[in-house]
Amino acid sequence: MSLLKTQSSSTGYMVSVYKVFEGDDREKFERNWLYWTGARMIYRYLPQAAGLRRISLHKSLSPKGDKMYILLCECANLLSDVTVCALILPALRARLTGYTGIFRPLQTF
-5 MSLLKTQSSS
5 TGYMVSVYKV
15 FEGDDREKFE
25 RNWLYWTGAR
35 MIYRYLPQAA
45 GLRRISLHKS
55 LSPKGDKMYI
65 LLCECANLLS
75 DVTVCALILP
85 ALRARLTGYT
95 GIFRPLQTF
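FYI, my numbering numbers position 99 of the sequence shown as 93, with every residue one higher than the one before it.
Below, the structure written as C-alpha coordinates:
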(Lines of atoms letter the chains of each structure in order from A and count residues from 1; the text may use other names and numbers.)
(Lines give C-alpha, C1' and ligand atoms only; values in the text may rest on other atoms or scores of the structure.)
Protein backbone atom coordinates (compact mmCIF):
# COMPACT_ATOMS: atom_id res chain seq x y z
CA MET A 1 0.00 0.00 0.00
CA SER A 2 1.43 3.36 -0.95
CA LEU A 3 0.28 6.70 0.30
CA LEU A 4 0.35 9.69 -1.99
CA LYS A 5 2.27 12.65 -0.68
CA THR A 6 -0.31 15.36 -0.18
CA GLN A 7 2.05 17.94 1.21
CA SER A 8 4.41 20.32 -0.48
CA SER A 9 6.58 23.12 0.85
CA SER A 10 3.60 25.47 0.56
CA THR A 11 1.07 23.23 2.36
CA GLY A 12 -0.26 24.81 5.52
CA TYR A 13 -2.94 24.18 8.12
CA MET A 14 -5.28 26.49 9.96
CA VAL A 15 -6.09 24.92 13.33
CA SER A 16 -8.65 26.02 15.92
CA VAL A 17 -9.29 24.30 19.25
CA TYR A 18 -12.62 24.56 21.06
CA LYS A 19 -13.56 23.40 24.56
CA VAL A 20 -17.24 22.65 25.02
CA PHE A 21 -18.83 21.80 28.35
CA GLU A 22 -21.16 18.88 29.02
CA GLY A 23 -24.60 19.49 27.57
CA ASP A 24 -23.48 22.04 25.01
CA ASP A 25 -21.83 19.57 22.69
CA ARG A 26 -24.55 17.79 20.76
CA GLU A 27 -27.39 20.24 20.25
CA LYS A 28 -25.54 23.52 20.08
CA PHE A 29 -22.23 22.51 18.61
CA GLU A 30 -22.22 19.31 16.60
CA ARG A 31 -25.39 20.03 14.67
CA ASN A 32 -24.22 23.51 13.71
CA TRP A 33 -20.45 22.99 13.68
CA LEU A 34 -19.99 24.69 10.31
CA TYR A 35 -21.31 27.93 11.81
CA TRP A 36 -19.88 27.73 15.35
CA THR A 37 -16.37 26.82 14.27
CA GLY A 38 -16.16 29.29 11.42
CA ALA A 39 -15.75 26.49 8.85
CA ARG A 40 -18.48 27.96 6.68
CA MET A 41 -16.75 31.33 6.73
CA ILE A 42 -13.43 29.72 5.80
CA TYR A 43 -15.04 27.83 2.94
CA ARG A 44 -16.77 30.92 1.59
CA TYR A 45 -14.14 33.62 2.11
CA LEU A 46 -10.71 31.99 1.99
CA PRO A 47 -9.25 33.02 -1.37
CA GLN A 48 -9.11 30.26 -3.95
CA ALA A 49 -5.36 30.84 -4.25
CA ALA A 50 -4.94 29.22 -0.81
CA GLY A 51 -5.94 25.87 -2.33
CA LEU A 52 -8.37 24.64 0.34
CA ARG A 53 -8.25 20.84 0.29
CA ARG A 54 -10.08 19.72 3.37
CA ILE A 55 -11.98 20.96 6.42
CA SER A 56 -12.50 18.45 9.21
CA LEU A 57 -13.74 18.53 12.79
CA HIS A 58 -12.24 16.12 15.33
CA LYS A 59 -13.65 15.41 18.79
CA SER A 60 -12.00 14.15 21.95
CA LEU A 61 -13.38 13.47 25.40
CA SER A 62 -11.45 14.30 28.55
CA PRO A 63 -11.74 12.22 31.74
CA LYS A 64 -13.57 15.16 33.36
CA GLY A 65 -16.35 14.96 30.77
CA ASP A 66 -15.39 18.11 28.86
CA LYS A 67 -15.33 17.87 25.10
CA MET A 68 -12.54 19.27 22.97
CA TYR A 69 -12.94 19.86 19.26
CA ILE A 70 -10.24 20.57 16.72
CA LEU A 71 -11.06 22.24 13.42
CA LEU A 72 -8.41 21.38 10.85
CA CYS A 73 -8.24 23.15 7.49
CA GLU A 74 -5.66 21.88 5.02
CA CYS A 75 -4.59 24.26 2.27
CA ALA A 76 -2.26 23.31 -0.58
CA ASN A 77 -0.87 26.82 -1.16
CA LEU A 78 -1.37 28.53 2.18
CA LEU A 79 2.32 29.17 2.79
CA SER A 80 2.98 30.57 -0.69
CA ASP A 81 1.22 33.72 0.45
CA VAL A 82 0.36 33.70 4.15
CA THR A 83 -1.47 36.99 3.80
CA VAL A 84 -4.41 35.18 2.15
CA CYS A 85 -5.67 34.21 5.60
CA ALA A 86 -4.71 37.45 7.36
CA LEU A 87 -8.35 38.57 7.42
CA ILE A 88 -9.78 35.19 8.41
CA LEU A 89 -7.66 34.45 11.50
CA PRO A 90 -8.88 37.45 13.54
CA ALA A 91 -12.46 36.47 12.71
CA LEU A 92 -11.79 32.93 13.96
CA ARG A 93 -10.21 34.27 17.15
CA ALA A 94 -13.30 36.39 17.73
CA ARG A 95 -15.23 33.12 18.08
CA LEU A 96 -13.44 32.63 21.43
CA THR A 97 -11.55 29.51 20.48
CA GLY A 98 -8.93 28.19 22.86
CA TYR A 99 -6.21 28.37 20.22
CA THR A 100 -6.13 29.40 16.59
CA GLY A 101 -3.10 29.45 14.36
CA ILE A 102 -1.38 28.59 11.12
CA PHE A 103 0.98 25.65 11.03
CA ARG A 104 3.18 23.93 8.51
CA PRO A 105 4.41 20.34 8.56
CA LEU A 106 8.09 19.94 9.34
CA GLN A 107 8.27 16.19 9.11
CA THR A 108 5.89 13.42 8.15
CA PHE A 109 6.07 9.79 9.12
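By construction, the Cβ of each residue, glycine as well, lies at the ideal position given by its N, Cα and C atoms.
Assuming R34 and L28 form a contact by the criterion Cβ under 8 Å, report the distance between their Cβ atoms to the nearest whole angstrom. The C-beta distance from R34 to L28 rounds to 4 Å, short enough to meet the 8 Å contact threshold.
Rounded C-alpha distance that separates F97 from S54: Note on geometry: alpha-carbon atoms of F97 and S54 lie some 20 Å from one another.
Distance between K13 and G32 (C-alpha atoms, nearest Å): Each residue's alpha carbon lies about 15 Å from the other.
In whole angstroms, what is the alpha-carbon distance linking A43 and S50? One C-alpha to the other measures close to 20 Å.
Can you tell me whether G92 is buried or exposed? The criterion is at least 16 other CB atoms within 10 Å of its CB, across all chains shown. Per the 10 Å Cβ criterion, exposed.
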